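Quick mapping for you: the protein sequence lines, in order, are chains A and B. In our numbering, each number is its position in the first sequence, counted from 1, plus 1. In our numbering, each number is its position in the second sequence, counted from 1, plus 741. All C-beta atoms, glycine included, are put in the ideal place defined by N, C-alpha and C. Everything numeric in this text was worked out from a predicted model, so none of it was measured.
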Amino acid sequence: MLIPYAKAGSTVQIKTGDWKAFMPLVTAEKCIKCGICQNFCPEGIMGKAGLVPDIDYDYCKGCSICANECPVKCIDMKRVED
Amino acid sequence: MVVVTKEGARALGDVAVNCSVEVCACYPITPTTHLTEELAKQYADGKIPQYITVESEFSALSALVGASATGTRTLTTTGGQGLLLMHEVLHSAAGMRLPIVMVVGNRAVSSPLNIWNDEQDTISQRDTGWIQIYCKSNQDAADSLPQAFRIAETVMLPVMVCIDGHFLTHNVEQIDIADKHHVDKFLPKFRHPLPLDPENPVSVGVYANPTHYQMFREDLMNDLNESKKVIKEVGEEWGKITGREYGLVNAYKCKDAERIIVGLGSVMDNAISVVDELREKGEKVGALHLRIYRPFPAEELRELLAGKKVAVLERNISLGAAAPVYVDIFEALNVHNGHSKEHAAVISSFYGGLGGRGIKRSDIKGIFEKIKSKNPVKEWVCSKPVATNA
């Protein structure tokens, strides 16, 4: 008998960022540290608001919301090669 | 043993208490409203520890998924549209291997709206991974409910106990209800191997990617097929306690029969009485009640029906295709797996009696007459044009 159970907190081990097709790249010099990308990121992996984004690529799904919302367009989405 | 004279649906409330049900969550729907009412009353009287009032059948079964995962004995009841609304959760409950038991009062499905009996609702749920027990009388139902819990908790799969709406649920008759101390011995306390527990947190029914998903489904399929052995053993053990033994099928005078009607539900009690009548006239006929429809008892049917003229009588259809029970039986008898071709049976399909249109003794006699021919028949039963006000 197989029961589909998992120990709580299993996503600490299981990195869920490997299915992204595009990855966000930040040009730090252009960043105005407004915090909009950090607030809009649905995964909460852009680091602390008020600082230049520090992206945790292990969990970034590549949704592009940060790049779309950035007022100074300092985030580019780059195709991830397999 | 206590013999009571009670309505079928209400009697099952007493049986549920004897089974030490711990959590109920029900949303009332005809034809099992009286069982819902009875379970709520037993809760109010302190005989069932928890009763969750919910806003829909979807929520009823969802609540029991959570309750069952903590390791409690759970029961719900529904029928017709209510069962259809549960469809998604039916798959989940079986996939999570939760031994939830449900009493279904079989009811026709919309549209047109109809509250009367046929078996379309449960037959439409045959692929969900639930074990399905069909009862031909209220005595069958009262005996099958404790067995359902025992089977469910042994093989860790959910079980539906299907009773014909109105024909059984609203039928007042004498029912022999097993005593609580007998049931207690038969039905030990349920222990979940890995219960939900805040001290040792787990996620239930988690995501499985393409690498793992099919492995779970293959395992579920295998365990459901293997459960036939447990269902048989449990039925035999129940026979030792009460004198009424149960198996995967109830074969009535089938051994030397040339013509056999196979079907499920209360209509088979009618078929059995027709068999008695025709036997007195010297006709070699038999009746076979398909008690367990899922897992499908293909081997038993192959053994009992080989070389005979068979009529499959069912009160459900598959729109745009042949009737489902007929298809299953046809497959069981024609895919030989080493069996010789001479055992092949002539299998006819009769479907109808939908939405409460009763299949009478005369209809059953007509079916026995029709399958005398060498060629199989495929047709509606009880089909009659009704004047419309067009």
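query: If I measure Cβ to Cβ from residue 912 (chain B) and keep anything under 8 Å in the same chain, skipping five residues before and after, which residues do I get?; result: 748, 749, 879
query: List the residues that DSSP assigns as beta-bridge partners of residue 1121 (chain B).; result: B:1092
query: Short of 6 Å in beta carbon distance, which residues of its chain neighbour residue 763 (chain B), apart from the five on each side in sequence? Order them along the chain.; result: 790, 813, 814
query: By the 8 Å beta-carbon criterion, what residues does the region 928-957 of chain B contribute toward chain A?; result: 934, 935, 942, 943, 944, 945, 946, 947, 949, 956, 957
query: Hey, would you say residue 928 (chain B) sits closer than 9 Å to residue 871 (chain B), going by beta carbons?; result: no
query: Quick one: residues in its chain with C-beta nearer than 6 Å to the C-beta of residue 1026 (chain B), no 5 flanking neighbours on either side, listed in chain order?; result: 998, 1000, 1016, 1019, 1109
query: Using DSSP with H/G/I as helix, E/B as strand and the rest coil, what is residue 944 (chain B)?; result: strand
query: Please state the DSSP three-state secondary structure of residue 32 (chain A).; result: coil
query: Cα separation between residue 957 (chain B) and residue 5 (chain A)?; result: 8 Å
query: Could you tell me which chain A residues have their CB closer than 8 Å to the CB of residue 870 (chain B), listed as they occur along the chain?; result: Going along chain A, no residue has its Cβ under 8 Å from residue 870 (chain B), so there is no contact; the nearest lies around 13 Å.
query: Could you give the residue range of the beta strand (DSSP E) that holds residue 1011 (chain B)?; result: No beta strand (DSSP E) contains residue 1011 (chain B), which is instead part of the alpha helix (DSSP H) from 1008-1021.
query: What did DSSP end up calling residue 1067 (chain B) once you bin it into helix, strand or coil?; result: helix
query: What does DSSP give as the partner residues of residue 1030 (chain B) in its beta bridges?; result: B:991, B:1004
query: Keeping to the same chain, check which residues put their C-beta closer than 6 Å to that of residue 876 (chain B); ignore five residues upstream and five downstream.; result: 882, 885, 904
query: Compare the Cα-Cα distances from residue 1004 (chain B) to each of B:967, B:1127, B:1033 and report the closest residue.; result: B:1033
query: For residue 58 (chain A), which residues in chain B fall below 7 Å Cβ to Cβ?; result: Chain B residues near residue 58 (chain A): none, gap ~20 Å exceeds 7 Å.
query: Mind listing the chain A neighbours of residue 891 (chain B)? Cutoff is C-beta to C-beta under 9 Å, in chain order.; result: Under the 9 Å cutoff, chain A gives no residues; its nearest Cβ is about 17 Å from residue 891 (chain B).
query: Residue 26 (chain A): buried (16+ other C-beta within 10 angstroms of its C-beta) or exposed?; result: exposed
query: If the cut is a Cβ gap below 7 Å, which residues of chain B does residue 5 (chain A) touch?; result: 836, 837, 946, 947, 949, 957
query: Round the Cβ separation of residue 766 (chain B) and residue 817 (chain B) to the nearest angstrom and send it over; I've been treating them as touching at under 8 Å.; result: 6 Å
query: Which same chain residues, not among the five before or five after residue 781 (chain B), have their C-beta less than 7 Å away from its C-beta?; result: 792
query: Ordered along the chain, which non-local residues of its own chain (more than five positions away) have a Cβ less than 6 Å from that of residue 746 (chain B)?; result: 915
query: Closer than 9 Å between beta carbons: that is the criterion. Which residues of the region 22-41 of chain A meet it against chain B?; result: none
query: Determine whether the Cβ of residue 964 (chain B) lies closer than 9 Å to any Cβ atom of chain A.; result: yes
query: What is the residue span of the beta strand (DSSP E) that residue 748 (chain B) lies within?; result: 743-748
query: Measuring alpha carbon to alpha carbon, tell me which of B:846, B:852, B:853, B:866 ends up nearest residue 859 (chain B).; result: B:846
query: By the DSSP assignment, the alpha helix (DSSP H) with residue 962 (chain B) in it spans what residues?; result: 954-983
query: Do residue 1029 (chain B) and residue 964 (chain B) have their beta-carbon atoms positioned less than 9 Å apart in this structure?; result: no
query: Note down, in chain order, every chain A residue with its Cβ under 7 Å from the Cβ of residue 827 (chain B).; result: Ordered by position in chain A, no residue passes the 7 Å Cβ test against residue 827 (chain B), which lies about 20 Å from the chain.
query: Within 9 Å (strictly less), CB to CB, does residue 8 (chain A) reach chain B?; result: yes
query: So which residues on chain A does residue 960 (chain B) lean against when the C-beta distance must stay under 9 Å?; result: 2, 3
query: Measuring straight from C-alpha to C-alpha, what distance separates residue 943 (chain B) and residue 1044 (chain B)?; result: 45 Å
query: Answer yes or no: do residue 901 (chain B) and residue 806 (chain B) have a C-beta to C-beta separation smaller than 9 Å?; result: no
query: Out of B:888, B:971, B:932, B:896, point me to the one whose CA is closest to residue 985 (chain B)'s CA.; result: B:888
query: Under a Cβ-count criterion, where at least 16 other Cβ atoms within 10 Å of its own Cβ denotes burial, should residue 54 (chain A) be classed as buried or exposed?; result: buried
query: Taking residue 24 (chain A) and residue 81 (chain A) to be in contact with their CB atoms under 8 Å, please state how far apart those CB atoms are, rounded to whole angstroms.; result: 5 Å
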